[in-house]
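Below you'll find the structure, written out as structure tokens, and then a few comments.
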Ligand SMILES: NC(=O)c1ccc[n+]([C@@H]2O[C@H](COP(=O)([O-])OP(=O)(O)OC[C@H]3O[C@@H](n4cnc5c(N)ncnc54)[C@H](OP(=O)(O)O)[C@@H]3O)[C@@H](O)[C@H]2O)c1
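Numbering (this note's numbering), first residue to last: 15 to 339.
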């Protein structure tokens, strides 16, 4: 159901941030948002979910399995993946889940993982980039890239390209990049483009997170353009604020403050699942979503991206994954 009045209410919720991002926003929007995917939407479909050993990735994997998908759970540690797979099998008897260890910040590991998948499967129908980090201190990936850049941008870029041959063989492939509303606080300007590796000034994990969450929106737009002719839809989205270790461990004070109105992990994962499984999102590509609706990527003039900064930032990310260094 939709009407001009509901459109206005939905937008007001979004712009007011706290009500829109909290459980209040999603529970109101559920009254008018687009239909759920059909119950058998993903029968016979294969989906890779990174960051699936907990939090939103696990919650998304659970719903994808319920819709019939075979789901590859990707994370850095075998034990955490085993635990997550056990929880999914307990919740959905017969769940088709596979545990795949891969550190997506490590470009060599990503290449090796994609090669294994290409060797084992013909087709991939969904790829969810859910892996996320907010390090307290500046750390580097195996190839020497700053950790949030490597995890949120470089790894997903490389993994998508490496898996493109499988995605292209699907008749309705979807890629979902899980960004964050925090990206609104980080316009893509020359300062970010000139210091993608966050070497200048004192490191702030929350800033690094927000900057790379902004870059993830660019990533989805660029990949959408690259893969349009192959029939692969690419979306970015933000989940609002959900009760996961990503919030409670990384931002404990914030989590305590808004604890009572945090979304459940399933609510946070809702739009991820909907973008993979519902009919509508397969016909659109390159947009930024929250609560089953496209959202602006900037609300105020000058708070989005500078065109030249974007071009340079993207060229640097592209070069990093092409050279593998
Ligand atoms: N929760 C929220 O309210 C919220 C809000 C905005 C955006 N998000 C985004 O949603 C995504 C999931 O967040 P979350 O809150 O569920 O976080 P979380 O609870 O911390 O889970 C993050 C997951 O990512 C995995 N991971 C981290 N680095 C990885 C790597 N290099 N390779 C493979 N897996 C890796 C972790 O698994 P291992 O440690 O086992 O490897 C874990 O399963 C993130 O991208 C986050 O930015 C969340």
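Here a beta-carbon is modelled for each residue, glycine too, at the ideal position from N, C-alpha and C.
Which first and last residues belong to the beta strand (DSSP E) in which residue i is found?
| i | result |
| --- | --- |
| residue 190 | 187-192 |
| residue 87 | 84-89 |
| residue 63 | 60-64 |
In terms of residues, what are the limits of the alpha helix (DSSP H) holding residue i?
| i | result |
| --- | --- |
| residue 115 | Not the alpha helix (DSSP H): residue 115 falls in the beta strand (DSSP E), residues 111-115. |
| residue 337 | 321-337 |
| residue 317 | Looking at the DSSP string, residue 317 is not in any alpha helix (DSSP H), and its letter there is neither H nor E. |
| residue 49 | From DSSP, residue 49 is part of no alpha helix (DSSP H); its letter is neither H nor E. |
| residue 42 | 37-43 |
Three-state secondary structure (DSSP) at residue i?
| i | result |
| --- | --- |
| residue 31 | coil |
| residue 202 | strand |
| residue 247 | strand |
| residue 217 | coil |
| residue 235 | helix |
| residue 229 | helix |
| residue 97 | helix |
| residue 124 | helix |
| residue 69 | helix |
| residue 18 | helix |
| residue 79 | helix |
| residue 56 | coil |
| residue 209 | coil |
| residue 118 | coil |
| residue 106 | coil |
- Which runs of the alpha helix (DSSP H) spanning at least 4 residues fall entirely within the stretch 251-315, listed in chain order? 259-262, 266-272, 279-291
- Query: Unbroken alpha helix (DSSP H) runs of length 4 or more, entirely within the stretch 127-197: which are they?
  - Reply: 169-183
- Touching or not, the stretch 123-136 and the stretch 162-177, by the rule of three or more beta carbon pairs under 8 Å? yes
- Message: Below 8 Å, how does it come out for the stretch 239-251 and the stretch 288-295: are there three or more Cβ pairs, yes or no?
- Response: yes
- Query: With contact counted as at least three CB pairs below 8 Å, one residue from each stretch, are the stretch 310-330 and the stretch 260-275 in contact?
  - Reply: no
- Task: Mind the definition here: the stretch 178-197 touches the stretch 109-116 only if three or more C-beta pairs lie below 8 Å; say whether that holds.
- Result: no
- Can at least three beta-carbon pairs, one atom from the stretch 65-74 and one from the stretch 92-100, be found at a separation below 8 Å? yes
- Message: I want to know whether the stretch 29-48 touches the stretch 297-307 - three or more CB-CB distances under 8 Å.
- Response: yes
- Task: Specify whether the stretch 151-171 and the stretch 312-319 touch according to this definition: at least 3 beta carbon pairs, one from each stretch, less than 8 Å apart.
- Result: no
- Any chance the stretch 71-78 sits against the stretch 147-160, with 3 or more Cβ pairs inside 8 Å? no
- How do the stretch 190-200 and the stretch 223-235 stand: do at least 3 beta-carbon pairs fall below 8 Å, yes or no? yes
- Can we say the stretch 273-285 touches the stretch 202-219, given the rule of at least three CB pairs closer than 8 Å? no
- Item | Cβ contact (3+ pairs, closer than 8 Å) linking the stretch 136-148 and the stretch 50-62 | yes
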